[in-house]
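Novice: One structure, pasted below without further comment.
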Amino acid sequence: DGGITQSPKYLFRKEGQNVTLSCEQNLNHDAMYWYRQDPGQGLRLIYYSQIVNDFQKGDIAEGYSVSREKKESFPLTVTSAQKNPTAFYLCASSLSEGAGETQYFGPGTRLLVL
Amino acid sequence: AQSVTQPDIHITVSEGASLELRCNYSYGATPYLFWYVQSPGQGLQLLLKYFSGDTLVQGIKGFEAEFKRSQSSFNLRKPSVHWSDAAEYFCAVGADSSASKIIFGSGTRLSIRP
Chain A
1 DGGITQSPKY
11 LFRKEGQNVT
21 LSCEQNLNHD
31 AMYWYRQDPG
41 QGLRLIYYSQ
51 IVNDFQKGDI
61 AEGYSVSREK
71 KESFPLTVTS
81 AQKNPTAFYL
91 CASSLSEGAG
101 ETQYFGPGTR
111 LLVL
Chain B
115 AQSVTQPDIH
125 ITVSEGASLE
135 LRCNYSYGAT
145 PYLFWYVQSP
155 GQGLQLLLKY
165 FSGDTLVQGI
175 KGFEAEFKRS
185 QSSFNLRKPS
195 VHWSDAAEYF
205 CAVGADSSAS
215 KIIFGSGTRL
225 SIRP
């Protein structure tokens, strides 16, 4: 089955700790995205990558970092600099980068602060 | 600049009743339009999309949407809702000006009355 997997489903972060959210896709898609979802605010773009070894900041990149060493993987690190990390994080991918491309989403990771 | 407006934050309909969720967009040319559904604690699933051609688009789960250029609308409809349709629905427009190449509306939460 082709799709996007995210792990873990729930993640707890202590103060001052960095945590990494995993995103893997086997759809052979070039483009991948990370979104943050807060209640009543829709989806906000954190980072995106159009191709391996390249990524760009989105609208709310501060306090986050990513890497794209492999086509199928796009992990997101929430650093201690992100002061309000509690949210639902969604990873998505599309065949290529473009306005007409459908984005396919993973099941999400909920991050909570202890 | 492109934008998407979903004027209804929350809608409640009775099971078996018809449904229409509103979506208005702002875009200079023929837009790429999408409807996604999100069940609680899950990722987004594509219901349908419009690129060109027939303005009435059929999607999964018995949903359809109609593109009306004169009204800048792309409303989602279903003739008879089921309790399993309770979810959050997002309208989106493909946007070259956006980093993610897609702009999401803020969502409409659908509740089903037994």
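Respectively, the protein sequence lines represent chains A and B.
In terms of our numbering, the first sequence opens at residue 1 and continues consecutively.
In terms of our numbering, the second sequence opens at residue 115 and continues consecutively.
Just so it is clear, CB atoms sit at the ideal spot from N, CA and C, and this is done for glycine as well.
Smallest Cα separation from A:SER5: which of A:LEU112, A:VAL113, A:GLY108?
Specialist: Here residue 5 of chain A refers to the residue found at position 5 of the first sequence. Just to set this straight, residue 5 of chain A is Thr in the shown sequence, not Ser. When only C-alpha atoms are compared, the closest one is A:GLY108.
Novice: Would you report the Cα separation of A:ALA87 and B:THR144, rounded to the nearest angstrom?
Specialist: Working through the first sequence from its first residue, we reach residue 87 of chain A at position 87. Working through the second sequence from its first residue, we reach residue 144 of chain B at position 30. One C-alpha to the other measures close to 34 Å.
Novice: Assuming A:VAL66 contacts A:TRP34 (C-beta within less than 8 Å), just tell me the rounded distance between them.
Specialist: Within the first sequence, residue 66 of chain A is the residue found at index 66, counting from 1. Within the first sequence, residue 34 of chain A is the residue found at index 34, counting from 1. The Cβ separation is near 7 Å, so the contact holds.
Novice: With a Cβ-Cβ cutoff of 7 Å, do B:GLY268 and A:LEU90 count as a contact?
Specialist: The structure shown does not extend to residue 268 of chain B, since chain B is modelled only from 115 through 228, so no value can be given for it.
Novice: Would you say A:ALA99 reaches chain B, if we count a Cβ-Cβ gap shorter than 7 Å as a contact?
Specialist: As a first step, residue 99 of chain A must be located in the first sequence, where it is residue number 99. It does; some Cβ of chain B falls within 7 Å.
Novice: Of the residues B:ARG227, B:GLY219, B:SER225, which one's Cα is nearest the Cα of B:PRO121?
Specialist: Your numbering for residue 121 of chain B matches position 7 in the second sequence. The shortest C-alpha separation from B:PRO121 is found at B:GLY219.
Novice: Starting from the C-beta of A:GLU101, find all residues in its chain whose C-beta is less than 8 Å away, skip the five residues before and the five after it, and write them out in chain order.
Specialist: Indexing the first sequence from 1 puts residue 101 of chain A at position 101. The residues are ALA31, SER94, LEU95.
Novice: Comparing alpha-carbon positions, which option in B:GLU178, B:PHE148, B:GLY221, B:GLU134 lies nearest B:ALA209?
Specialist: Here residue 209 of chain B is taken as the residue at index 95 of the second sequence, counted from 1. Nearest option by C-alpha distance: B:PHE148.
Novice: Using a C-beta to C-beta distance shorter than 8 Å, which residues of chain A count as neighbours of B:PHE218?
Specialist: The residue given as residue 218 of chain B occupies position 104 in the second sequence. Chain A residues near B:PHE218: GLY42, LEU43.
Novice: To the nearest angstrom, report how far apart B:GLY221 and A:GLN37 are at their CA atoms.
Specialist: Locating residue 221 of chain B in the second sequence gives position 107, counting from the first residue. Locating residue 37 of chain A in the first sequence gives position 37, counting from the first residue. In a straight line, the C-alpha of B:GLY221 is about 11 Å away from that of A:GLN37.
Novice: According to the Cβ coordinates, are B:LEU160 and B:PHE177 closer than 7 Å?
Specialist: In the second sequence, counting from the first residue as 1, residue 160 of chain B sits at position 46. In the second sequence, counting from the first residue as 1, residue 177 of chain B sits at position 63. Not a contact, by the Cβ cut-off of 7 Å.
Novice: Given a limit of 9 Å on CB to CB distance, which residues of the region 124 to 158 of chain B reach chain A?
Specialist: PRO145, TYR146, PHE148, TYR150, GLN152, GLY155, GLN156, GLY157, LEU158
Novice: If you compare alpha carbons, which of B:ALA213, B:GLY130, B:GLN172, B:ALA206 is closest to B:TYR141?
Specialist: Your numbering for residue 141 of chain B matches position 27 in the second sequence. Nearest C-alpha to B:TYR141 among B:ALA213, B:GLY130, B:GLN172, B:ALA206: B:ALA206.
Novice: Closest Cβ-Cβ distance between B:LYS192 and chain A: below 7 Å?
Specialist: Translated into the one-based positions of the second sequence, residue 192 of chain B becomes position 78. Not one chain A Cβ lies under 7 Å of B:LYS192.
Novice: Could you run through the region 62 to 86 of chain A and flag, in chain order, every residue whose CB is less than 7 Å away from some CB of chain B?
Specialist: none
Novice: In the DSSP assignment, find the unbroken beta strand (DSSP E) run with A:ARG44 in it and report its ends.
Specialist: In the first sequence, counting from the first residue as 1, residue 44 of chain A sits at position 44. Element bounds for A:ARG44: 43 to 51.
Novice: If we call anything under 7 Å between Cβ atoms a contact, is B:GLN116 one with B:ILE217?
Specialist: Here residue 116 of chain B refers to the residue found at position 2 when the second sequence is read from its first residue. Here residue 217 of chain B refers to the residue found at position 103 when the second sequence is read from its first residue. Yes, they are a contact pair.
Novice: In whole angstroms, what separates the C-alpha of B:VAL171 from that of A:ALA81?
Specialist: Position 57 of the second sequence, counting from 1, holds the residue named residue 171 of chain B. Position 81 of the first sequence, counting from 1, holds the residue named residue 81 of chain A. Whole-angstrom Cα-Cα distance: 44 Å.
Novice: Flag B:ALA161 as yes if its beta-carbon sits less than 7 Å from any beta-carbon of chain A, otherwise no.
Specialist: Along the second sequence, read from residue 1 onward, the residue named residue 161 of chain B stands at position 47. What sits at residue 161 of chain B in the sequence shown is Leu, not Ala. Chain A, which has no Cβ nearer than 7 Å to the Cβ of B:LEU161, makes this no.
Novice: Work out the CA separation of B:LYS163 and B:TYR150 for me, nearest whole Å.
Specialist: Counting from one through the second sequence, the residue named residue 150 of chain B turns up at place 36. Counting from one through the second sequence, the residue named residue 163 of chain B turns up at place 49. C-alpha separation (whole angstroms): 9 Å.
Novice: Buried or exposed for A:LEU21, going by 16 or more other Cβ atoms inside 10 Å?
Specialist: As a first step, residue 21 of chain A is located in the first sequence; it is residue number 21 there, counting from the start. Its Cβ being crowded by 16 or more others within 10 Å, A:LEU21 is buried.
Novice: Run the CB neighbour count on A:GLU97, radius 10 Å, all protein chains shown included, and call it buried at 16 or more, exposed below.
Specialist: Indexing the first sequence from 1 puts residue 97 of chain A at position 97. So A:GLU97 counts as buried.
Novice: Out of curiosity, what's the CA-to-CA distance linking A:PRO8 and A:LEU111?
Specialist: For the purposes of this step, residue 8 of chain A is identified with residue 8 of the first sequence, where counting begins at 1. For the purposes of this step, residue 111 of chain A is identified with residue 111 of the first sequence, where counting begins at 1. When rounded, the separation of the alpha-carbon atoms in A:PRO8 and A:LEU111 is 9 Å.
Novice: Taking the C-alpha atoms as reference points, what is the distance between A:HIS29 and A:PRO75?
Specialist: Along the first sequence, read from residue 1 onward, the residue named residue 29 of chain A stands at position 29. Along the first sequence, read from residue 1 onward, the residue named residue 75 of chain A stands at position 75. Using only the alpha carbons, I get a separation of about 15 Å.
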